[in-house]
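Those protein sequence lines, which keep their order, are chains A, B, C and D.
For the record, in the first sequence the residue sitting at position 69 is 68 according to numbering that gives the first Met the number 0, with numbers rising by one throughout.
For the record, in the second sequence the residue sitting at position 16 is 15 according to numbering that gives the first Met the number 0, with numbers rising by one throughout.
For the record, in the third sequence the residue sitting at position 275 is 274 according to numbering that gives the first Met the number 0, with numbers rising by one throughout.
For the record, in the fourth sequence the residue sitting at position 37 is 36 according to numbering that gives the first Met the number 0, with numbers rising by one throughout.
For glycine and all other residues, C-beta sits at the position ideal for the given N, C-alpha and C.
Beneath this line is the structure, given in structure tokens, with notes to follow.
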Amino acid sequence: MGLAGSGLCVYPAEGDREMIKAVGVAKDYRVGLRALNDVCIDITKGEFVFIVGPSGSGKSTFLKLITKEEDPSAGEIHVAGKNLARLPRWRVPFLRRNVGCVFQDFKLLPNKTVFQNVAFGLQVIGKPKGVISQQVPQILELVGLGEKLTRYPDELSGGEQQRVSIARAFVNRPLILLADEPTGNLDPATSVGIMRLLDRINRTSTTVVMATHDHAIVDSMRRRVIELEDGEVVRDQTRGIYGVGT
Amino acid sequence: MGLAGSGLCVYPAEGDREMIKAVGVAKDYRVGLRALNDVCIDITKGEFVFIVGPSGSGKSTFLKLITKEEDPSAGEIHVAGKNLARLPRWRVPFLRRNVGCVFQDFKLLPNKTVFQNVAFGLQVIGKPKGVISQQVPQILELVGLGEKLTRYPDELSGGEQQRVSIARAFVNRPLILLADEPTGNLDPATSVGIMRLLDRINRTSTTVVMATHDHAIVDSMRRRVIELEDGEVVRDQTRGIYGVGT
Amino acid sequence: MRIRYFLAETVNNLRRNALMAIAATSTVAISLLLLGGVQILGMIVGNITDGWEARIEISGYLRSNATSGEVRDLEADLAQMPEVEEVIYVSERQALEEYRSDFEDDPALYEGLRVGDLPASLRIALTDARYTEEVATRIEGAPGLDDVEFGGGLVRRLLQVNSLLRSITFVLSVILMVAAAALIANTIRLGIYARRDEIGIMKLVGATNWFIRIPFMLEGLVAAFAGALIAVGIVAGANAVLFSRIGDAVPILSSAFSFSTEEMVTMLGALIGVGALVGLVGSAMAMRRFLEV
Amino acid sequence: MRIRYFLAETVNNLRRNALMAIAATSTVAISLLLLGGVQILGMIVGNITDGWEARIEISGYLRSNATSGEVRDLEADLAQMPEVEEVIYVSERQALEEYRSDFEDDPALYEGLRVGDLPASLRIALTDARYTEEVATRIEGAPGLDDVEFGGGLVRRLLQVNSLLRSITFVLSVILMVAAAALIANTIRLGIYARRDEIGIMKLVGATNWFIRIPFMLEGLVAAFAGALIAVGIVAGANAVLFSRIGDAVPILSSAFSFSTEEMVTMLGALIGVGALVGLVGSAMAMRRFLEV
Ligand SMILES: Nc1ncnc2c1ncn2[C@@H]1O[C@H](COP(=O)(O)OP(=O)(O)OP(=O)(O)O)[C@@H](O)[C@H]1O
Ligand SMILES: Nc1ncnc2c1ncn2[C@@H]1O[C@H](COP(=O)(O)OP(=O)(O)OP(=O)(O)O)[C@@H](O)[C@H]1O
Ligand SMILES: [Mg+2]
Ligand SMILES: [Mg+2]
């Protein structure tokens, strides 16, 4: 089963440092509606990876597979050495605590303030109140929202909501940070700030996978770039740029 | 009242061709929470205007004033020669039919398909079924979603949702097209396509106001650029670029 | 064209929000079922009290030596009183037969009796039980009449109880009407609350309030109507199947549980009307606050 | 720490979703009020039928020439029967006085009577109305006894009616229990449906099902508990204020409308229990399908 449709994959020996591994992964949302096709990707611990590709090429779908928001139709996904298909349902929340996620549509809780939204990421792992009331304002300060702790999401601008989502994703220092278009609603200056933050987080050996359309960022960081097109990996470059066509 | 806080404004004589006019506009979401301050902007019929500025500088707020989603706390907004403060409530829907809007968060109807979402923009103005079933697929083809007419919004990628929002905004050929970050979730190639579309629409004398962070687009189009910072107009350039700082 | 749009919209929404449609329908069904139940209770109480009151009669026992002339005069007198509905002459033989059939289960009670042991009487039915005392005193001591009998204080108390029972069932049905309306309105309000964003988006795209409201109201109407039909079906079914059985099983209750088709149809029609109205108006009202965008 | 989080969360949610909290609370209040109403109805029916049955007695009318020895023998005989609860001797004078007080509104009816016109009797109360016929036939024809009276077939019918009434109220309260649960569950389900996105987000951020579920369940519990308190308050108030008035106004009903504190407290406690349980379980059940992300 793990080999279905994976004829094109070359398997590296599974190492200790392997964080995310996709083997011959395909995803059909419905019959005949293929979002990913025969994707093989290995990401080692501490890597910083950009996923690029046109709109609808399967970037978000790939990230959703890593958090087990979706299950692959074929192939296997391993995260931190564990095959997600074999992960029992009650373990899924624990996986997600180790995989921080900045969602493309933010996914903030509408009935919680900025502070409470970010604190929620710590509350689920049972952090004591003292830690929360110290760390949350700190991280919100980092993303430039130090003044807006008591606002509700619908009282924020698009970019501010996006930054709350970013703060929530790494407030609990996850092993892996997935960021889906985290700068889509941010001006270049703020984007640079966020990228510095991601870079700093990455230096503490957190694995970062970021789907993006921002070629200025990709080009300036010169990190590994994986390009998807129509659900297939068409490029995997160690020190890549956004794209040849642009 | 119209003069409140407008000490800095210079009023051009009101002309026929004036489409959007903000006179000394301020917006306080709550007491002490000022999103716009003494904004004076005149946009004539057929203009193409970029609104730029850092995250939280008031771009979306300005657009919301034009559709009367929010009311200014001080100053006046005129659209197509009408003072919005004096517009009776039952006339607001008619204003909004003339002001197409691409929302930063898309605002698609979750229980309607892509086709139905776009068709809704025509149904509200009472267009007959024949026109709808002809124009909607056509415009969706233009934004590259010709194949996805029967999908529901939660079955689309972020960029695809954004394009549905764009299609809905100009399917009924509004007088004014407001676009709030319409390319935030689009790859450069698709963005260029969308910008070409906006340009074409603009050439049919539709006034286009677009809030954006995408400096590549702003720089390549060389149109009028209004820059906001902390709710104030800090630059208004006829053939501008994204910014000096970046 | 508009109408076709509204209908298509309604069908689509009911399909896409099946959970809400089911919740609304079942709430309406349950509420109206309760309301219908109380109506039926009211009808039963009405039947019983009517029965009781109809059975309040004055018996004028005749002397055994009363002449037929005296009896005829008395009958004529009574017949002309406006309060009197009917006067029936019960002969000594008839009295004995009635007594026998009343106690047919206990032959011991009538074994020794023969014709003449029980007196003949005039049985006087009144147009309204209220006049009982008045009429009784009026004829008392008339020639040929031995004794006048009626419930006396008991009648008065019975009338009191009856009117109390009727008020109680009336109050109950008003309370239930209000309760049913509140329950249905609650459900509809929550259903619309779940879709407040949708309403806001429609407004921002330039839809007028009525354009938004009509499909929601039609949805409420359809859901409520379906619920009302279910409730009415159950009540009508219970009437057809259950109540007649109760009447057969316990003959004393058969009159209490028999309703005229007309009153049944009126009641069920009212149920449907109330349901549909609450669905329609409830949706419109519930939307108000979400339409202010 | 966890507990403090859950409580804070519950309070916050109730505040931010006031509309839903109010809807849930009022639905619970109305549903339980109806349930309480039927319980009270059941208690009234119980009181009435108990009263009726308690009043079923056998009267053994004594011959005017019965010797006191005969009477004493008869009394002793009866007293030893296990079905007999009490035997009371009613003298000729007492019989007349009772008759007078029964018809005190109609002096005409007893004016001519004097002591001796009405016979003395033994009034026999039974442990259960079911034994009436058996005991009556057993003593019939005993020396000194003139006649034995009891309702006869009427008693049988009354017992039948009583048991029917009791079953009807029982069935009604079961139906209402189910209806109340369904109504409350519907409301809670809709409330949670309105917040399905929230639940999905919590799951994606790594919250376990229980971590998400508990605040929602506490919310349901608080709303339902508040509703139950309102319902209980209204029922208790009606009991304290209204029912005693009805008893005063219509003495015949005063026994029907008087409930022991104990049965009242049990009933109200049960209402609160049912409400809280449905709130708690309803929330948990309603969440199930939204937790599968
Ligand atoms: N829930 C779904 N049901 C059906 N099809 C879906 C669903 N989600 C995504 N798709 C389809 O799968 C494809 C890949 O979607 P995905 O969201 O992964 O794209 P993406 O690369 O993130 O695009 P974007 O840059 O626009 O966000 C798209 O064609 C999309 O229409
Ligand atoms: N409903 C609201 N209530 C209170 N404050 C608000 C509300 N909406 C926006 N704001 C505040 O007003 C300011 C301007 O917001 P606006 O959405 O106009 O910014 P923007 O320029 O569109 O930013 P972005 O580029 O991030 O979308 C921000 O500081 C924001 O926090
Ligand atoms: Mg995406
Ligand atoms: Mg904005």
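query                                                                                                                                                                                                  : result
Among C:161, C:115, C:112, C:28, which one has its Cα closest to the Cα of residue 50 of chain C?                                                                                                      : C:161
Please work out which residues of its chain come closer than 7 Å, Cβ to Cβ, to residue 85 of chain D, disregarding the five sequence neighbours upstream and downstream, and give them in chain order. : 124
What's the C-alpha gap between residue 95 of chain B and residue 118 of chain B?                                                                                                                       : 16 Å
In angstroms, rounded to a whole number, what distance separates the CA positions of residue 295 of chain D and residue 82 of chain D?                                                                 : Here chain D covers residues 0 to 292 and nothing more, so residue 295 of chain D does not appear.
Which residues in the same chain as residue 123 of chain B place their Cβ atom closer than 7 Å to its Cβ, once the five residues preceding and following it in sequence are excluded?                  : 96
Fully enclosed by the segment 46–86 of chain B, which alpha helix (DSSP H) runs are 4 residues long or longer?                                                                                         : 58–65
If you reduce the DSSP assignment to three classes, tell me which class residue 259 of chain C lands in.                                                                                               : coil
Can you check the segment 141–199 of chain D for any beta strand (DSSP E) of at least 3 residues that lies completely inside it and give the ranges in chain order?                                    : 144–148
Could you check the C-alpha separation between residue 134 of chain C and residue 164 of chain C for me, to the nearest Å?                                                                             : 26 Å
How many angstroms separate the CA atom of residue 40 of chain B from the CA atom of residue 197 of chain B?                                                                                           : 21 Å
Going along the chain, which unbroken runs of the alpha helix (DSSP H) with 4 or more residues stay wholly within the segment 205–243 of chain C?                                                      : 208–236
Can you give the Cα-Cα distance for residue 254 of chain A and residue 189 of chain A, rounded to whole angstroms?                                                                                     : With chain A covering 0 to 245 only, the question about residue 254 of chain A has no answer from this structure.
Which residues does DSSP list as the beta-bridge partners of residue 262 of chain A?                                                                                                                   : Outside the displayed span of chain A (0 to 245) sits residue 262 of chain A, for which this structure offers no information.
Determine whether the Cβ of residue 35 of chain D lies closer than 9 Å to any Cβ atom of chain C.                                                                                                      : no
Can you tell me the Cα-Cα spacing of residue 141 of chain C and residue 149 of chain C, whole angstroms?                                                                                               : 16 Å
For residue 188 of chain D, count neighbouring Cβ atoms within 10 angstroms of its own Cβ and tell me buried if that reaches 16, exposed if not.                                                       : buried
List, in order along the chain, the chain B residues whose C-beta lies closer than 8 Å to that of residue 184 of chain A?                                                                              : 54, 103, 180, 183, 212
Residues of chain C with CB closer than 8 Å to the CB of residue 188 of chain D, please, in chain order.                                                                                               : 18, 22
Does the separation of the CB atoms of residue 177 of chain B and residue 209 of chain B fall below 9 Å?                                                                                               : yes
Please decide whether residue 138 of chain A counts as near chain D, where near means a Cβ-Cβ distance under 9 Å.                                                                                      : no
Which residue's Cα is closest to the Cα of residue 183 of chain B: B:194, B:175, B:174?                                                                                                                : B:194
Could you spell out where the alpha helix (DSSP H) holding residue 52 of chain D opens and where it closes?                                                                                            : 17–53
Can you list, in chain order, the residues of its chain with a C-beta nearer than 8 Å to that of residue 220 of chain A? Leave out the 5 residues immediately preceding and following it.              : 47, 49, 194, 198
Can you tell me where the alpha helix (DSSP H) holding residue 128 of chain B begins and where it ends?                                                                                                : 128–141
Does the beta-carbon distance from residue 26 of chain B to residue 230 of chain B come in below 9 Å?                                                                                                  : yes
Can you tell me whether residue 190 of chain A sits near ligand 4, meaning its C-beta is under 8 Å from at least one heavy atom of the ligand?                                                         : no
What first and last residue would you give for the beta strand (DSSP E) that runs through residue 206 of chain B?                                                                                      : 206–210
Counting only C-beta atoms, is residue 60 of chain A closer than 9 Å to chain B at any point?                                                                                                          : yes
At the 9 Å Cβ level, is residue 252 of chain D part of the contact set with chain C, yes or no?                                                                                                        : yes
Could you check if residue 97 of chain A belongs to the surroundings of ligand 3, using beta carbon to heavy atom distance under 8 Å?                                                                  : no
Closest to residue 20 of chain D by C-alpha separation, out of D:29, D:190, D:114, would be which residue?                                                                                             : D:190
Would DSSP call residue 18 of chain A helix, strand or coil?                                                                                                                                           : strand
Is residue 59 of chain A close to ligand 3? I mean its beta-carbon at under 8 Å from any heavy atom of the ligand.                                                                                     : yes
Taking the C-alpha atoms as reference points, what is the distance between residue 172 of chain C and residue 29 of chain D?                                                                           : 14 Å
What are the residues of the segment 156–169 of chain D that lie near chain C, defined by any Cβ-Cβ distance shorter than 7 Å?                                                                         : 156, 159, 160, 163
Could you give the distance in angstroms between the alpha-carbon of residue 291 of chain D and the alpha-carbon of residue 127 of chain A?                                                            : 28 Å
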